[in-house]
Amino acid sequence: MSNLDRLRVAFRTALALPEDYDVDKLEYRGIEKWDSLAHLSLVGEIEDTFDVMIDTDEVIDLSSFDKAVEILGKHDVEFSD
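Residues in the sequence shown are numbered from 328 upward in steps of one, following this note's numbering.
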């Protein structure tokens, strides 16, 4: 499974979305389920999935799927799909 697919699964798991839900253009508060509590769950799911520690500034900046890719890139997670 590619890292992009792993990130998609992390988003769907943390936000309790169906397996086929397209998360690639998802943005914070873009759906009702992505509220502040779900945001923390998402951060934890991403940290567990990629074995990284996301710092406070990055937690605040994590505002979309694309931003998650960017933040993980800073933690040496490579994305190619």
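Cβ atoms here follow ideal geometry from the backbone N, Cα and C, with glycine treated the same way.
In terms of DSSP beta bridges, what is residue i paired with?
i	result
residue 391	354
Tell me which residue opens and which closes the alpha helix (DSSP H) that residue i is part of.
i	result
residue 366	363 to 377
residue 422	The shown model of the chain, from 328 to 408, leaves out residue 422, and the question about it has no answer.
By Cβ distance below 6 Å, which residues in the same chain neighbour residue i in space, the five residues on each side in sequence not counted?
i	result
residue 303	Because the chain in this structure spans residues 328 to 408, residue 303 falls outside the shown range and cannot be described.
residue 351	392
residue 385	398
residue 335	350
Return the chain-ordered list of same chain residues with a C-beta closer than 7 Å to the C-beta of residue i, the five sequence neighbours on each side being excluded.
i	result
residue 388	394, 398
Exercise. Looking at C-beta atoms only, is the number of pairs between the segment 396 to 403 and the segment 353 to 367 that lie closer than 8 Å three or more?
Worked result: no
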